[in-house]
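J.: As given, the protein sequences belong to chains A and B, one line each in that order. Following my numbering, the numbering of the first sequence begins with 2 at its first residue and continues without gaps. Following my numbering, the numbering of the second sequence begins with 675 at its first residue and continues without gaps. A virtual CB, placed ideally from N, CA and C, is assigned to each residue, including glycine.
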Amino acid sequence: MALVRWRNSGDLMPWSAFSDLQSEMNKLMEGFPCDWNALGRGWRPAMDLVETEDAYVLEADVPGVRSEDLHIETIDNAVTVRGKREYHLKETDRNVHRLENRYGEFQRTFEVPGGFDGDKVKAELRDGVLRVTLPKRESAKPKRIELSEN
Amino acid sequence: MTTATAQETRQYIMPRVNIVEEPEQVRIEAELAGVEKDKVELEVKDGELTLLARRAGANGKGVYLLRERTPADYRRVFTLSKAIDTANINATMKDGVVTITLPKVKAYQPRTIEVK
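(1) I'd like to know whether the C-beta atoms of Gly115 of chain A and Asp77 of chain A end up nearer to each other than 9 Å.
(2) Report the start-end ranges of each beta strand (DSSP E) in the region 707–767 of chain B that is 3 residues or longer and not cut off at the edges.
(3) Looking at chain A, which residues of the region 704–719 of chain B have a Cβ within less than 7 Å of any of its Cβ atoms?
(4) Can you check which of these residues, B:Leu740, B:Arg749 and B:Lys780, is closest to Lys645 of chain B by C-alpha distance?
(5) Candidates B:Phe752, B:Leu740 and B:Met767: which alpha carbon is nearest Val113 of chain A's?
(6) Taking Cβ positions, are Val751 of chain B and Thr724 of chain B nearer each other than 9 Å?
(7) Give me the residue from B:Arg785, B:Gln783 and B:Gly770 with the minimum Cα distance to Val714 of chain B.
(8) Inspect the beta-carbon positions of Ala707 of chain B and Asp70 of chain A and report whether they are closer than 9 Å.
(9) In the DSSP assignment, the beta strand (DSSP E) including Thr75 of chain A goes from what residue to what residue?
(10) Using a C-beta to C-beta distance shorter than 9 Å, which residues of chain B count as neighbours of Thr53 of chain A?
(11) Would you give the residue range spanned by the beta strand (DSSP E) that Glu125 of chain A belongs to?
(12) Do Val80 of chain A and Leu126 of chain A come within 9 Å of each other at the CB atom, strictly closer than that value?
(13) In three-state DSSP terms, what is Ala781 of chain B?
(14) Which residues, in chain order, does the region 740–773 of chain B contribute to contact with chain A at a C-beta distance below 7 Å?
(15) Establish whether the CB of Asp36 of chain A and some CB of chain B are separated by less than 9 Å.
(16) Using a Cβ cut-off of 9 Å (strictly closer), state whether Glu139 of chain A contacts chain B.
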C-alpha cells in the first residue's frame, strides 16, 4: 500500500470550512445580549438597571460575595460587573442535604443608552446587594427651556 | 367571602438554601439579598422553623431598563427533625446570607464507645 503524503491544501482540508463557520458563530454570539458563560457553569446574579433623572443605577443581588471579589469597570458607555463566590466545604461537612446556592464566577456588561460620567461612578455593597450609580453627563440631563418674552 | 388584608396579599419568594449536616449540628445557609439583619424573623413552632425576611423596598423613582430582581419578601418553612435542640437555635447574618445553626440533642450526636 502506497503512502500518499498528506498535503495541507484547501481542498483536502474540509475543516477550514468548519473553522470559518465557528468564527462566524462566535461573532454572532458576541453580539447577543446574553452571558453564554453563565449558561453552563457559574451563576448569573439577578440585576436591575434603573434610569432616574440624573443617573443610571445598576443593582445586583450578590449575597455572600465579598467586596474584594467584585470588580466594576467602565469604558465609554459600557459598564462591566465581574465577581466570584467560592464555596469551601468544611471538613465536617460530610452530609450535604441541599446545595441550592450558586457559586463560581460571573461577568456581565451593560451598555447604558445615554452614556454616563465615568469619573463620577460610585459603587457600594450592602446586605448582599451591589449598587452602582452611574451619573448622567450634564448634557444628558433633562433641561427646561424657558420661552423668551418678546 | 373575606377581604384580604395587605399582610395576606404580600408576595413571598422562597430563598435558596444550603442545608449541611455536621456531626453535632445542622447548618442552614439562606440567601437573603437586600435584607438587613433586624428584618429577619425566625420562629420555631409545632416542629417547624419559619424563616421570614423583609426586603428593603426599592428606593427612588425611575424607569426600569432591565428588571430581573423580584421585589418580594422571603419566606421558607423547614420541618425540624426530633434530633434538633430547638431551644438553642442560633443565627448570624453577613453580606445578605443568614447562617442558622441548629444543634442536635445529645442523644443524636455521635459518640465513640471505648472498648475495654
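T.: Quick answer:
(1) By 1-based counting over the first sequence, the position of residue 115 of chain A is 114. By 1-based counting over the first sequence, the position of residue 77 of chain A is 76. No, the Cβ-Cβ distance between Gly115 of chain A and Asp77 of chain A is not below 9 Å.
(2) With a minimum length of 3 residues, the continuous beta strand (DSSP E) runs that stay inside the region 707–767 of chain B are 714–719, 722–727, 737–741 and 747–753.
(3) Answer set for the region 704–719 of chain B: Glu705, Leu706, Ala707, Gly708, Val709 and Glu710.
(4) Past the edges of chain B, shown from 675 to 790, lies residue 645 of chain B, and the structure says nothing about it.
(5) As a position in the first sequence, residue 113 of chain A is number 112, starting the count at 1. Measuring C-alpha to C-alpha distances from Val113 of chain A to each of B:Phe752, B:Leu740 and B:Met767 identifies B:Leu740 as the nearest.
(6) Here residue 751 of chain B refers to the residue found at position 77 of the second sequence. Here residue 724 of chain B refers to the residue found at position 50 of the second sequence. Yes.
(7) The count along the second sequence starts at 1 and reaches residue 714 of chain B at position 40. Residue B:Gly770 is the option with its Cα nearest to Val714 of chain B.
(8) As a position in the second sequence, residue 707 of chain B is number 33, starting the count at 1. As a position in the first sequence, residue 70 of chain A is number 69, starting the count at 1. With respect to the 9 Å criterion, Ala707 of chain B and Asp70 of chain A are not classified as neighbours on the basis of their beta carbons.
(9) Here residue 75 of chain A refers to the residue found at position 74 when the first sequence is read from its first residue. Residues Leu71 to Ile76.
(10) As a working note, residue 53 of chain A is residue 52 in the first sequence. At a beta-carbon threshold of 9 Å, the residues of chain B lying near Thr53 of chain A are Gly734, Lys735, Gly736 and Val737, ordered along the chain.
(11) In the first sequence, residue 125 of chain A corresponds to position 124, counting from 1. Following the DSSP letters along the chain, one finds Glu125 of chain A inside the beta strand (DSSP E) bounded by residues Lys123 to Arg127.
(12) The residue you call residue 126 of chain A lines up with position 125 of the first sequence. The residue you call residue 80 of chain A lines up with position 79 of the first sequence. Leu126 of chain A places its beta carbon 9 Å or farther from that of Val80 of chain A.
(13) Here residue 781 of chain B is taken as the residue at index 107 of the second sequence, counted from 1. Helix.
(14) For chain A, the residues of the region 740–773 of chain B that bring a beta carbon within less than 7 Å of one of its beta carbons are Leu740, Arg741, Glu742, Arg743, Asp769, Gly770 and Val771, in chain order.
(15) Taking the first residue of the first sequence as position 1, residue 36 of chain A is located at position 35. Per-residue confidence for Asp36 of chain A stands at a pLDDT of 43, beneath the threshold of 50, marking its modelled position as unreliable; the derived number appears in the next sentence. Interface criterion not met: the Cβ of Asp36 of chain A is under 9 Å from no Cβ in chain B.
(16) For this step, residue 139 of chain A is matched to residue 138 along the first sequence. With its beta carbon at least 9 Å from every one in chain B, Glu139 of chain A lies outside the interface.
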